[in-house]
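In what follows, a single structure is set out as C-alpha coordinates and then discussed.
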Amino acid sequence: MIKLAAFDVDGTLRERDYLPDSTRAALQLLKENGVALALCTGRSEFEVVSLREELGIDWAITCNGSHIGFRGKTVFGNAFPAQTVRRWLQEAERFGHGLILYGSELMYTNQRENPYFVQAQQEIGFMEPVLIQSIDEVPDIYQAIVFCSEQEEAAYTGGEHNRYYLHRWRPWAIDINPGGMNKAVGLQQLLDHLGISSEEVAAFGDGLNDYEMIESVGYGIAMGNAGEELKEKARFVTKPMKEDGIAYAVNEWIVK
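Residue 106 in the UniProt record's numbering is what sits at position 106 of the sequence shown, and the numbering runs on without skipping anything.
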(Lines of atoms letter the chains of each structure in order from A and count residues from 1; the text may use other names and numbers.)
(Lines give C-alpha, C1' and ligand atoms only; values in the text may rest on other atoms or scores of the structure.)
Protein backbone atom coordinates (compact mmCIF):
# COMPACT_ATOMS: atom_id res chain seq x y z
CA MET A 1 0.00 0.00 0.00
CA ILE A 2 1.34 3.44 -0.95
CA LYS A 3 1.49 5.82 2.02
CA LEU A 4 3.29 8.78 0.44
CA ALA A 5 3.65 10.17 -3.08
CA ALA A 6 6.52 12.53 -3.92
CA PHE A 7 6.46 14.77 -6.97
CA ASP A 8 9.07 16.66 -8.90
CA VAL A 9 7.67 20.02 -10.01
CA ASP A 10 8.94 21.22 -13.41
CA GLY A 11 7.96 18.86 -16.21
CA THR A 12 6.15 16.57 -13.78
CA LEU A 13 3.43 18.50 -11.96
CA ARG A 14 3.52 21.57 -14.17
CA GLU A 15 5.24 23.40 -16.99
CA ARG A 16 5.62 27.07 -16.16
CA ASP A 17 2.08 28.11 -15.13
CA TYR A 18 0.30 25.16 -16.75
CA LEU A 19 -0.89 22.43 -14.39
CA PRO A 20 -3.47 19.99 -15.81
CA ASP A 21 -6.86 19.81 -14.11
CA SER A 22 -6.48 16.03 -14.20
CA THR A 23 -3.38 16.36 -12.01
CA ARG A 24 -5.29 18.39 -9.42
CA ALA A 25 -8.00 15.74 -9.37
CA ALA A 26 -5.44 12.93 -9.04
CA LEU A 27 -3.76 14.60 -6.07
CA GLN A 28 -7.13 15.04 -4.39
CA LEU A 29 -7.89 11.36 -5.00
CA LEU A 30 -4.61 10.39 -3.35
CA LYS A 31 -5.42 12.47 -0.28
CA GLU A 32 -8.90 10.96 -0.07
CA ASN A 33 -7.22 7.54 -0.02
CA GLY A 34 -4.95 8.48 2.86
CA VAL A 35 -1.78 9.05 0.82
CA ALA A 36 0.46 11.85 2.11
CA LEU A 37 1.91 14.19 -0.53
CA ALA A 38 5.29 15.88 -0.82
CA LEU A 39 6.99 18.05 -3.39
CA CYS A 40 10.54 16.96 -4.22
CA THR A 41 12.23 19.58 -6.37
CA GLY A 42 15.46 21.31 -7.25
CA ARG A 43 13.72 24.61 -6.65
CA SER A 44 13.71 26.48 -3.35
CA GLU A 45 10.98 26.56 -0.71
CA PHE A 46 10.48 30.20 -1.63
CA GLU A 47 9.67 29.33 -5.23
CA VAL A 48 7.15 26.55 -4.55
CA VAL A 49 5.23 27.96 -1.60
CA SER A 50 2.30 29.16 -3.72
CA LEU A 51 2.07 25.81 -5.56
CA ARG A 52 2.31 23.86 -2.31
CA GLU A 53 -0.45 25.91 -0.71
CA GLU A 54 -2.62 25.80 -3.84
CA LEU A 55 -2.44 21.99 -3.93
CA GLY A 56 -2.81 21.56 -0.17
CA ILE A 57 0.59 19.86 0.23
CA ASP A 58 2.28 20.13 3.64
CA TRP A 59 5.77 18.79 2.91
CA ALA A 60 8.35 20.14 0.47
CA ILE A 61 11.77 18.61 -0.14
CA THR A 62 13.58 21.39 -1.94
CA CYS A 63 17.08 22.31 -3.15
CA ASN A 64 17.60 18.78 -4.52
CA GLY A 65 17.09 17.28 -1.05
CA SER A 66 19.15 19.76 0.99
CA HIS A 67 16.13 21.40 2.67
CA ILE A 68 12.92 19.90 4.05
CA GLY A 69 10.06 22.10 5.13
CA PHE A 70 6.64 21.52 6.69
CA ARG A 71 4.18 24.19 5.61
CA GLY A 72 7.10 26.46 4.82
CA LYS A 73 8.99 26.02 8.08
CA THR A 74 12.40 24.35 8.13
CA VAL A 75 12.40 20.86 9.65
CA PHE A 76 15.73 19.59 8.30
CA GLY A 77 18.46 21.43 6.44
CA ASN A 78 21.98 20.78 5.20
CA ALA A 79 23.52 24.16 4.46
CA PHE A 80 26.91 24.97 2.96
CA PRO A 81 29.59 26.38 5.28
CA ALA A 82 29.34 30.17 5.17
CA GLN A 83 33.00 30.46 4.15
CA THR A 84 32.32 28.31 1.07
CA VAL A 85 29.52 30.63 -0.06
CA ARG A 86 31.70 33.68 0.53
CA ARG A 87 34.47 32.16 -1.57
CA TRP A 88 32.00 31.46 -4.39
CA LEU A 89 30.83 35.06 -4.33
CA GLN A 90 34.43 36.20 -4.61
CA GLU A 91 35.08 33.81 -7.51
CA ALA A 92 31.91 34.97 -9.26
CA GLU A 93 33.03 38.57 -8.91
CA ARG A 94 36.42 37.68 -10.34
CA PHE A 95 35.05 35.79 -13.36
CA GLY A 96 31.88 37.82 -13.91
CA HIS A 97 29.59 34.83 -13.27
CA GLY A 98 26.05 35.11 -12.00
CA LEU A 99 25.02 33.17 -8.87
CA ILE A 100 21.62 32.26 -7.48
CA LEU A 101 21.72 31.19 -3.83
CA TYR A 102 18.79 29.38 -2.22
CA GLY A 103 18.05 30.14 1.42
CA SER A 104 15.16 28.72 3.42
CA GLU A 105 12.91 31.71 2.75
CA LEU A 106 14.48 33.78 -0.03
CA MET A 107 16.59 33.52 -3.18
CA TYR A 108 19.68 35.69 -3.44
CA THR A 109 21.85 36.82 -6.34
CA ASN A 110 25.04 38.74 -6.99
CA GLN A 111 23.82 40.06 -10.38
CA ARG A 112 20.31 41.28 -11.12
CA GLU A 113 20.65 41.43 -14.90
CA ASN A 114 22.72 38.36 -15.65
CA PRO A 115 21.79 37.31 -19.22
CA TYR A 116 21.76 33.60 -18.39
CA PHE A 117 19.40 34.16 -15.48
CA VAL A 118 17.14 36.16 -17.77
CA GLN A 119 17.22 33.30 -20.30
CA ALA A 120 16.46 30.70 -17.61
CA GLN A 121 13.64 32.88 -16.33
CA GLN A 122 12.13 32.95 -19.81
CA GLU A 123 12.57 29.20 -20.36
CA ILE A 124 11.46 27.70 -17.05
CA GLY A 125 10.45 30.62 -14.84
CA PHE A 126 12.21 31.98 -11.77
CA MET A 127 11.01 34.34 -9.08
CA GLU A 128 13.01 37.52 -8.55
CA PRO A 129 15.97 37.04 -6.19
CA VAL A 130 17.21 39.53 -3.60
CA LEU A 131 20.51 41.26 -4.34
CA ILE A 132 23.23 40.35 -1.85
CA GLN A 133 24.58 43.52 -0.28
CA SER A 134 27.58 42.09 1.57
CA ILE A 135 29.42 38.76 1.51
CA ASP A 136 29.95 39.16 5.25
CA GLU A 137 26.26 38.62 5.95
CA VAL A 138 25.42 35.41 4.10
CA PRO A 139 22.36 33.48 5.38
CA ASP A 140 22.18 29.67 5.41
CA ILE A 141 22.39 28.53 1.77
CA TYR A 142 21.19 25.07 0.72
CA GLN A 143 21.79 25.23 -3.04
CA ALA A 144 23.70 27.37 -5.50
CA ILE A 145 23.13 27.85 -9.20
CA VAL A 146 26.21 29.03 -11.06
CA PHE A 147 25.82 30.40 -14.57
CA CYS A 148 29.03 29.11 -16.10
CA SER A 149 30.30 26.54 -18.57
CA GLU A 150 31.48 23.06 -17.63
CA GLN A 151 35.06 24.18 -18.15
CA GLU A 152 34.59 27.06 -15.70
CA GLU A 153 32.85 25.16 -12.88
CA ALA A 154 36.16 24.02 -11.28
CA ALA A 155 36.43 27.49 -9.77
CA TYR A 156 33.51 26.48 -7.53
CA THR A 157 33.95 22.72 -7.18
CA GLY A 158 37.73 22.67 -7.05
CA GLY A 159 37.55 19.97 -9.70
CA GLU A 160 36.54 17.52 -6.95
CA HIS A 161 33.04 16.48 -8.02
CA ASN A 162 32.66 14.08 -5.11
CA ARG A 163 32.64 17.01 -2.70
CA TYR A 164 29.27 18.16 -4.04
CA TYR A 165 26.08 16.91 -5.67
CA LEU A 166 26.10 18.49 -9.15
CA HIS A 167 23.29 18.75 -11.66
CA ARG A 168 24.08 20.54 -14.92
CA TRP A 169 20.71 21.43 -16.43
CA ARG A 170 21.98 23.73 -19.18
CA PRO A 171 25.39 24.05 -20.87
CA TRP A 172 25.64 27.37 -19.05
CA ALA A 173 24.03 26.52 -15.68
CA ILE A 174 24.77 24.05 -12.89
CA ASP A 175 23.14 23.28 -9.53
CA ILE A 176 25.55 22.71 -6.65
CA ASN A 177 24.37 21.02 -3.45
CA PRO A 178 26.28 19.84 -0.38
CA GLY A 179 28.10 16.55 -0.89
CA GLY A 180 26.06 13.42 -0.29
CA MET A 181 22.78 15.20 -0.96
CA ASN A 182 20.22 14.43 -3.65
CA LYS A 183 16.46 14.05 -3.80
CA ALA A 184 16.60 10.43 -2.62
CA VAL A 185 18.55 11.41 0.50
CA GLY A 186 16.13 14.20 1.34
CA LEU A 187 13.14 11.97 0.72
CA GLN A 188 14.60 9.21 2.93
CA GLN A 189 15.10 11.72 5.73
CA LEU A 190 11.42 12.65 5.50
CA LEU A 191 10.38 8.98 5.40
CA ASP A 192 12.43 8.24 8.52
CA HIS A 193 10.74 11.17 10.25
CA LEU A 194 7.27 9.93 9.27
CA GLY A 195 8.01 6.23 9.87
CA ILE A 196 7.27 5.22 6.27
CA SER A 197 9.17 2.55 4.35
CA SER A 198 10.60 3.42 0.94
CA GLU A 199 8.63 0.47 -0.46
CA GLU A 200 5.46 2.33 0.53
CA VAL A 201 6.34 5.36 -1.60
CA ALA A 202 5.58 6.44 -5.16
CA ALA A 203 7.87 9.06 -6.69
CA PHE A 204 7.29 10.92 -9.96
CA GLY A 205 9.95 12.68 -12.01
CA ASP A 206 11.19 13.63 -15.47
CA GLY A 207 14.76 14.90 -15.07
CA LEU A 208 18.23 13.55 -14.34
CA ASN A 209 18.10 15.02 -10.82
CA ASP A 210 15.18 12.61 -10.22
CA TYR A 211 17.37 9.60 -11.02
CA GLU A 212 18.27 8.63 -7.44
CA MET A 213 14.76 9.30 -6.13
CA ILE A 214 13.09 7.15 -8.79
CA GLU A 215 15.52 4.33 -8.08
CA SER A 216 15.12 4.48 -4.29
CA VAL A 217 11.37 3.89 -3.84
CA GLY A 218 8.96 1.04 -4.38
CA TYR A 219 7.04 2.82 -7.14
CA GLY A 220 9.45 4.94 -9.19
CA ILE A 221 7.43 6.52 -11.99
CA ALA A 222 9.00 8.37 -14.91
CA MET A 223 6.92 10.80 -16.90
CA GLY A 224 6.42 10.09 -20.60
CA ASN A 225 8.32 13.31 -21.34
CA ALA A 226 11.38 12.09 -19.36
CA GLY A 227 14.64 11.10 -21.01
CA GLU A 228 15.42 7.48 -21.79
CA GLU A 229 18.02 7.22 -19.04
CA LEU A 230 15.43 7.96 -16.37
CA LYS A 231 12.79 5.75 -17.97
CA GLU A 232 15.18 2.80 -17.84
CA LYS A 233 15.50 3.19 -14.07
CA ALA A 234 11.78 3.58 -13.39
CA ARG A 235 9.44 0.79 -12.35
CA PHE A 236 6.72 2.39 -14.45
CA VAL A 237 6.62 4.92 -17.28
CA THR A 238 3.43 6.95 -17.48
CA LYS A 239 2.15 9.32 -20.16
CA PRO A 240 3.65 12.82 -20.60
CA MET A 241 2.65 15.51 -18.14
CA LYS A 242 0.54 17.34 -20.72
CA GLU A 243 -1.28 14.10 -21.59
CA ASP A 244 -2.60 13.53 -18.05
CA GLY A 245 0.42 11.47 -17.04
CA ILE A 246 -0.03 11.96 -13.29
CA ALA A 247 -3.70 10.99 -13.37
CA TYR A 248 -2.99 7.96 -15.54
CA ALA A 249 -0.35 6.66 -13.12
CA VAL A 250 -2.45 7.31 -10.02
CA ASN A 251 -5.44 5.44 -11.43
CA GLU A 252 -3.45 2.66 -13.07
CA TRP A 253 -0.93 1.76 -10.37
CA ILE A 254 -1.67 3.50 -7.06
CA VAL A 255 -5.41 3.87 -6.49
CA LYS A 256 -7.12 0.88 -8.05
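Beta carbons: idealized from backbone N, C-alpha and C, even for Gly.
- Rounded to the nearest whole angstrom, the C-alpha separation of Q111 and M127 is 14 Å.
- DSSP assignment within the stretch 185-210 yields the following whole beta strand (DSSP E) runs of 3 residues or more, N-terminal first: 201-205.
- Under DSSP, R71 takes part in no beta bridge, so it has no partner.
- The residue among P81, T157, E232, S104 with its C-alpha nearest the C-alpha of I61 is S104.
- The way I'd put it, the stretch 17-26 doesn't touch the stretch 146-155; fewer than three beta-carbon pairs between them come closer than 8 Å.
- The Cβ neighbour count for R16, taken over all protein chains shown within 10 Å, is under 16; the residue is labelled exposed.
- Under the 10 Å beta carbon count, D192 is surrounded by fewer than 16 other beta carbons and is classified as exposed.
- By the Cβ criterion, the stretch 218-230 is not in contact with the stretch 88-99, since fewer than three pairs of Cβ atoms, one from each stretch, lie closer than 8 Å.
- In the structure shown, L99 adopts extended strand secondary structure according to DSSP, grouped into three states.
- Under the three-state reduction of DSSP output, P81 falls in the coil class, being neither helix nor strand.
- L30 and L55 do not touch by the CB rule: their CB atoms are close to 11 Å apart, not below 8 Å.
- Note that the C-beta distance between V130 and L106 is below 8 Å.
- Within the stretch 27-57, the runs of alpha helix (DSSP H) at least 4 residues long that lie entirely inside it are, in chain order, 45-55.
- Out of R168, N251, G125, G158, the CA that lies nearest to the CA of V146 is found in R168.
- The Cβ atoms of G42 and V185 lie no closer than 8 Å to each other.
- As a beta-bridge residue in DSSP terms, E15 pairs with Y18.
- Just measuring C-alpha positions, the residue of T74, L230, F95 sitting nearest Y211 is L230.
- In the three-state reduction of the DSSP assignment, P240 falls in the coil class.
- Positions of the beta strand (DSSP E) runs, each at least 3 residues long and wholly inside the stretch 118-172, are given as 143-147, 164-170 in order along the chain.
- DSSP places I221 inside the beta strand (DSSP E), whose first and last residues are 219-222.
- In the DSSP assignment, A6 falls within the beta strand (DSSP E) that extends over 4-7.
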